[in-house]
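**Q** This is the structure I have questions about; it appears just below.
Protein chains: 2
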Amino acid sequence: METIITNVTLLGGDAASMRKVSLRIDGTRIGAIGDQLLSVEPGATVIDGGGKLALPGLVNAHTHLPMALFRGLGDDLPLREWLEEAIWPRESRLTSQDAYWGSLLGLAAMVRSGTTALADMYFHVDAIGKAVEEAGMRAVLSYGIIAQDLDARGREELARAETVVERWEGRNGGRIRAAISPHAPHTVGERVWREAIGLARHHGVLLHTHLAETREEVRAWRSRTGESPVVSLDRMGAFGGPTLAAHCVHVDADDIALLAERGVCVAHCPKSNAKLGSGVAPVRALRAAGVRVALGTDGAAANDGLDLIEEMRFAALLQKATTEDPAALSAGDVLEMATSAGSAALGLNAGELAVGHEADLVLVDLDRVETLPHPSGAVSLVYAAGGASVRDVIVAGEVLLRDGELVTIDEERVKEEVKRLAGRYRN
Amino acid sequence: METIITNVTLLGGDAASMRKVSLRIDGTRIGAIGDQLLSVEPGATVIDGGGKLALPGLVNAHTHLPMALFRGLGDDLPLREWLEEAIWPRESRLTSQDAYWGSLLGLAAMVRSGTTALADMYFHVDAIGKAVEEAGMRAVLSYGIIAQDLDARGREELARAETVVERWEGRNGGRIRAAISPHAPHTVGERVWREAIGLARHHGVLLHTHLAETREEVRAWRSRTGESPVVSLDRMGAFGGPTLAAHCVHVDADDIALLAERGVCVAHCPKSNAKLGSGVAPVRALRAAGVRVALGTDGAAANDGLDLIEEMRFAALLQKATTEDPAALSAGDVLEMATSAGSAALGLNAGELAVGHEADLVLVDLDRVETLPHPSGAVSLVYAAGGASVRDVIVAGEVLLRDGELVTIDEERVKEEVKRLAGRYRN
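Taken in sequence, the protein lines are chains A and B.
First residue of the first sequence: 829, per this note's numbering; consecutive thereafter.
First residue of the second sequence: 829, per this note's numbering; consecutive thereafter.
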């Protein structure tokens, strides 16, 4: 299977680094990038990249896929009330089949806006995995463990999490990986945490969790334990292997230094943190300390979008606004967060358009009235483009979006099924 | 000229207030809204509103249309350096013809994302007016007066501003109005300000200005004059008639009380204020004090988008994030800012879908993978929709966008001209 993208512009950090190339995909990897037209085998797929920018596929480092079904619920509620009043009652009714359609709904919106990989944490993971596999998306899947005690329920939660690893790690030619996800410091007891950390190490997989999302949660934790949740997790050994911590909104200078020292990756979810009134994560300080900060949308119900281009824009603008420093986080910075940092956070060999890397890439048309003119590709992509600018999406060499049309997802069917299901979760 | 929109859903603030109606446009006004199908004259245009939401046209209360030509320039620069290094050198070369194409570029993006009216301040106003008239947009146009002294140059600036009123007030069947726009407190001397205020009163038009945009500008003003710019303008009598003040980022409690007492309308431009590092306007406090706050994108070069749906979303999320209160500014609040508050700020009889009001309205399709499901229209519109959701746009009964296609603007021609011009302003 060979695909050639001709005459495409490589997106650099600034105008000077932009150049036209041809790019060849051999199987699932990038085989060649050249200034001249590359030799093409008979039968190869040829995509005309003329007028388009090629960028590495965007990585959504923190999602809860089926929550796309719960969009538009509970505006104006803080995280705890939102969960207790709007989300949990509906999750208790969620069937596996509905989680499957909700996942496809989320995946369709993600592919349409240039996402090629994601890190998910939820339940009904087999349904999510089925949707991810059918869509052709690259993903790190996990079951969110919630248990205070290492009793029968706690052990069952751990078993469910391990089952996900056994079933999904390496599936679809390696596009699907698994993680172990203790939900958060305050929703999982220490003995369960220690078992979960052991499982992650035993299977050699990523540890994915929520960390320091709200001021109240951190205040209560400190008042109960005398230490920050970051320090607590470190004391338990959570950071002894690859760790992905979502949010990290309410971390202090000591926490930041510790996250940097331990190599913890942070999944920054600025729109979710904004909508739920959780606050503004100290992204500039985290990055300055050397913490690798990736970008995530969180579940669609807390956002309500899944468009990482807009999430990049929101991340940059939010830091500039709140620090009153227009250089606080640049277009190049957020693009790096959504590509190479996200890729590294998920343990992928992607995030860069280079020979030998996974062929996960996106072609973007900036010759639209929303984005013209575009003297520097990255600036126009980040500040003015959106899902509609994304024309082609390729994961592991497979085309998921071709000239604006979904290839692997039956979009009309998904919309019909979701409209049919929506009434069930309205109240 | 009669147009009927059948079977459309009226967007209310919550799910309960949504209902299906038919809506008849008689000439330039809304003639009837009914639960049953309305009688249709032979030859009337019929638009099928099935599956779509109807909302009042969005009002962009602060723009500089031709600056769409300068998109993507000067990321990471604060307002003053951005103006001095990126913008002014290019504005000095801007021709009237280029301002015309830049305006059409901006107008095309605005119509595509549901804007039906705007308040503009710039130079080359005849070129802007020509573009606005051809596009069919509703607008309040003005020349931005910049002059410290009431000398020959100062008088010439005032004369230019007055010429705009004489030429453009009431044009295109009243769709185009004019304003008098002294640029800002610190860029216009007090004697020129007083003359400009007199012109606005003499012609009975809106006074439009920039006010308290950056911390440094307000600090310098206070240090020089001993009072805030808001107090200074009030002392000069600026607020004695309808006034539209863009930004108002750095206003204190006394300023806010004064703006409320004088009935000054504020054009909140959150994305521009963010991108230039100007800060976060106290929207919650302004609204709580009774100030009418409208929404604007500012010039496209400082944003870089012109999509008011995204601007609503950004406004709501920014207030929620920075106050750590998810109820700080709701979907309904920002929708009111972008419709009825904007309409009132510009002195229009629009901003609401009601019989007798101007027929300025937008049909939105939320049955897309980005927005499904949508239990409450306003929440899904504000948090998940975008320009691509907008299908039809009507201004004064004239269809400007029909099923996603621009009717009055030759989009391909605009893109070609802009691409041709872009090189001239690259450096």
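Ideal Cβ positions, reconstructed from N, Cα and C, are used throughout, including at glycine.
Going along chain B in order, which residues have a C-beta closer than 8 Å to the C-beta of Leu-1257 (chain A)?
**A** With chain A covering 829 to 1255 only, the question about residue 1257 (chain A) has no answer from this structure.
**Q** Compile a chain-ordered list of the residues in the stretch 1203 to 1217 of chain A whose CB is closer than 7 Å to at least one CB of chain B.
**A** From the stretch 1203 to 1217 of chain A, only Pro-1203, Ser-1204, Val-1207, Ser-1208, Tyr-1211, Ala-1212, Gly-1214, Gly-1215, Ala-1216 have a Cβ closer than 7 Å to chain B.
**Q** Use the C-beta contact count for Asn-1131 (chain B): other C-beta atoms within 10 angstroms, 16 or more gives buried, fewer gives exposed.
**A** In the second sequence, counting from the first residue as 1, residue 1131 (chain B) sits at position 303. By the neighbour-count rule (16 or more Cβ atoms within 10 Å), Asn-1131 (chain B) is buried.
**Q** Reducing DSSP to helix, strand and coil, say where Glu-1244 (chain B) ends up.
**A** Stepping through the second sequence from its first residue, residue 1244 (chain B) is reached at position 416. The answer is helix: DSSP assigns Glu-1244 (chain B) an H, G or I state.
**Q** Quick check on the burial criterion: 16 or more other C-beta atoms within 10 angstroms. Buried or exposed for Leu-1255 (chain B)?
**A** Position 427 of the second sequence, counting from 1, holds the residue named residue 1255 (chain B). The residue asked about is misnamed: residue 1255 (chain B) is Asn in this sequence, not Leu. Its Cβ having fewer than 16 others within 10 Å, Asn-1255 (chain B) is exposed.
**Q** When you compare only the Cα positions, how much space is there between Asp-904 (chain B) and Leu-1157 (chain A)?
**A** Locating residue 904 (chain B) in the second sequence gives position 76, counting from the first residue. Locating residue 1157 (chain A) in the first sequence gives position 329, counting from the first residue. Each residue's alpha carbon lies about 8 Å from the other.
**Q** Closer than 8 Å between beta carbons: that is the criterion. Which residues of the stretch 1102 to 1114 of chain B meet it against chain A?
**A** Ala-1102, Lys-1103, Leu-1104, Gly-1105, Ser-1106, Gly-1107, Val-1108
**Q** Could you tell me the distance, in whole angstroms, from the CA atom of Arg-1248 (chain B) to the CA atom of Gly-1225 (chain A)?
**A** Start at 1 with the first residue of the second sequence, and residue 1248 (chain B) comes out as number 420. Start at 1 with the first residue of the first sequence, and residue 1225 (chain A) comes out as number 397. Roughly 35 Å between the two C-alpha positions.
**Q** For a contact meaning CB atoms closer than 9 Å, what does Glu-1152 (chain A) contact in chain B?
**A** The residue given as residue 1152 (chain A) occupies position 324 in the first sequence. Those within 9 Å of Glu-1152 (chain A) in chain B are Pro-906, Thr-1042, Arg-1043, Gly-1105, Ser-1106, Gly-1107, Val-1108.
**Q** Please list, in chain order, the chain B residues whose beta carbon lies closer than 7 Å to that of Asp-903 (chain A).
**A** Within the first sequence, residue 903 (chain A) is the residue found at index 75, counting from 1. The answer, in chain order, is Ser-1158, Ala-1159, Val-1207.
**Q** Start and end of the alpha helix (DSSP H) containing Asp-1193 (chain B)?
**A** As a position in the second sequence, residue 1193 (chain B) is number 365, starting the count at 1. It is not in any alpha helix (DSSP H) - Asp-1193 (chain B) instead sits in the beta strand (DSSP E) that spans 1189 to 1193.
**Q** By the 9 Å beta-carbon criterion, what residues does the stretch 1236 to 1248 of chain A contribute toward chain B?
**A** Ile-1237, Glu-1239, Val-1242, Lys-1243, Val-1246, Lys-1247
**Q** Under 8 Å by Cβ, that's how I've got Ile-915 (chain B) and Glu-961 (chain B) pegged, so tell me the actual separation to the nearest angstrom.
**A** Translated into the one-based positions of the second sequence, residue 915 (chain B) becomes position 87. Translated into the one-based positions of the second sequence, residue 961 (chain B) becomes position 133. Not really, about 26 Å apart at Cβ, beyond 8 Å.
**Q** Kindly confirm or deny that the stretch 1134 to 1150 of chain B and the stretch 865 to 875 of chain B touch, where touching means at least three C-beta pairs closer than 8 Å.
**A** No, the stretch 1134 to 1150 of chain B does not touch the stretch 865 to 875 of chain B.
**Q** Between Leu-886 (chain A) and chain B, is the shortest Cβ-Cβ distance under 8 Å, so that the two count as touching?
**A** Walking along the first sequence from the start, residue 886 (chain A) turns up at place 58. For Leu-886 (chain A), the answer is no, since every Cβ of chain B falls outside 8 Å of its Cβ.
**Q** Got a sec: does the ligand GTP put a non-hydrogen atom nearer than 7 Å to the Cβ of Met-938 (chain B)?
**A** Inclusion of the ligand GTP in the displayed structure is not the case, the ligand content being empty and no account of it being possible.
**Q** Identify, in the order they occur along the chain, each residue of the same chain with its Cβ nearer than 8 Å to the Cβ of Leu-969 (chain B), setting aside the five sequence neighbours on each side.
**A** Taking the first residue of the second sequence as 1, we reach residue 969 (chain B) at position 141. So the qualifying residues of the chain are Asp-948, Val-953, Ile-956, Gly-957, Val-960, Val-992, Trp-996, Ile-1004, Arg-1005, Ala-1006, Ala-1007.
**Q** Who are the neighbours of Asn-1131 (chain B) on chain A, taking C-beta pairs under 9 Å?
**A** Taking the first residue of the second sequence as 1, we reach residue 1131 (chain B) at position 303. Within 9 Å Cβ-Cβ: Tyr-1211, Ala-1212.
**Q** Which whole-angstrom value is the C-beta distance of His-1014 (chain B) and Glu-1045 (chain B), which I expect to be below 8 Å?
**A** Indexing the second sequence from 1 puts residue 1014 (chain B) at position 186. Indexing the second sequence from 1 puts residue 1045 (chain B) at position 217. Indeed they touch by this definition, with Cβ atoms about 6 Å apart.
**Q** What residues are listed by DSSP as bridge partners for Arg-857 (chain A)?
**A** For this step, residue 857 (chain A) is matched to residue 29 along the first sequence. Residue pairing by DSSP puts Arg-857 (chain A) in a beta bridge opposite A:Asp-854, A:Glu-1186.
**Q** Assuming Leu-1176 (chain A) and Glu-1164 (chain A) make a contact with CB atoms under 8 Å, what is their CB distance in whole Å?
**A** Locating residue 1176 (chain A) in the first sequence gives position 348, where the first residue counts as 1. Locating residue 1164 (chain A) in the first sequence gives position 336, where the first residue counts as 1. Contact flag wrong, Cβ pair sits at about 15 Å.
**Q** Report the three-state DSSP secondary structure of Glu-1041 (chain A) (helix, strand or coil).
**A** Here residue 1041 (chain A) is taken as the residue at index 213 of the first sequence, counted from 1. Reduced to three states, the DSSP call for Glu-1041 (chain A) is coil.
**Q** What does Ala-927 (chain B) reach in chain A if we use C-beta pairs closer than 8 Å?
**A** Counting from one through the second sequence, the residue named residue 927 (chain B) turns up at place 99. Ordered by position in chain A, no residue passes the 8 Å Cβ test against Ala-927 (chain B), which lies about 14 Å from the chain.
**Q** Assuming the contact rule is C-beta atoms closer than 8 Å, Arg-1120 (chain B) and Ala-1173 (chain B) should be a hit. Round their C-beta distance to whole Å, please.
**A** As a first step, residue 1120 (chain B) must be located in the second sequence, where it is residue number 292. As a first step, residue 1173 (chain B) must be located in the second sequence, where it is residue number 345. About 6 Å separates the two Cβ atoms, so the contact holds.
**Q** Return the chain-ordered ranges of every beta strand (DSSP E) run that is complete within the stretch 1115 to 1193 of chain A and spans a minimum of 3 residues.
**A** For the stretch 1115 to 1193 of chain A, whole beta strand (DSSP E) runs of length 3 or above, ordered along the chain, are 1120 to 1123, 1189 to 1193.
**Q** Run the CB neighbour count on Gly-885 (chain B), radius 10 Å, all protein chains shown included, and call it buried at 16 or more, exposed below.
**A** For this step, residue 885 (chain B) is matched to residue 57 along the second sequence. With 16 or more Cβ atoms within 10 Å of its Cβ, Gly-885 (chain B) is classed as buried.
**Q** Taking Cβ to Cβ, would you say Leu-1086 (chain A) is nearer than 8 Å to Ala-889 (chain A)?
**A** By one-based count along the first sequence, residue 1086 (chain A) stands at place 258. By one-based count along the first sequence, residue 889 (chain A) stands at place 61. The answer is no: Cβ separation not under 8 Å.
**Q** Does any C-beta atom of chain A lie closer than 8 Å to the C-beta of Leu-1229 (chain B)?
**A** Translated into the one-based positions of the second sequence, residue 1229 (chain B) becomes position 401. By this cut-off, Leu-1229 (chain B) is not an interface position.
**Q** For Arg-785 (chain B), is the classification buried or exposed, using 16 other Cβ atoms within 10 angstroms of its Cβ as the cut-off for buried?
**A** The shown model of chain B, from 829 to 1255, leaves out residue 785 (chain B), and the question about it has no answer.
**Q** Would you list, in sequence order, the uninterrupted beta strand (DSSP E) runs of no fewer than 3 residues that lie entirely inside the stretch 969 to 1027 of chain A?
**A** 1004 to 1010
**Q** Please list the residues of the stretch 887 to 901 of chain B that have a C-beta atom closer than 9 Å to any C-beta atom in chain A, keeping them in chain order.
**A** Ala-896, Leu-897, Phe-898, Arg-899, Gly-900, Leu-901
**Q** Answer yes or no: do Gly-786 (chain B) and Ala-896 (chain B) have a C-beta to C-beta separation smaller than 8 Å?
**A** What the structure shows of chain B is the stretch from 829 to 1255, and residue 786 (chain B) is not part of that stretch, so it cannot be assessed.
**Q** Could you pull out every residue in the same chain whose Cβ sits closer than 8 Å to the Cβ of Leu-978 (chain A), ignoring the five residues on either side in sequence?
**A** Counted from its first residue, the first sequence places residue 978 (chain A) at position 150. Closer than 8 Å at the Cβ level, and outside the excluded window around Leu-978 (chain A), lie Gly-1017, Arg-1019, Val-1020, Glu-1023.
**Q** So which residues of chain B does Lys-1148 (chain A) contact, with C-beta pairs closer than 7 Å?
**A** Walking along the first sequence from the start, residue 1148 (chain A) turns up at place 320. Result: Ala-1102, Lys-1103, Gly-1105.
**Q** By a C-beta neighbour count over all protein chains shown, 10 Å radius and 16 as the cutoff for buried, is Pro-1098 (chain A) buried or exposed?
**A** Numbered from 1 along the first sequence, position 270 holds the residue referred to as residue 1098 (chain A). Pro-1098 (chain A) is buried by the Cβ-count criterion.
**Q** Determine the chain A residues that contact Arg-1019 (chain B) at a beta-carbon separation under 9 Å, and present them in chain order.
**A** Taking the first residue of the second sequence as position 1, residue 1019 (chain B) is located at position 191. Chain A residues near Arg-1019 (chain B): none, gap ~33 Å exceeds 9 Å.
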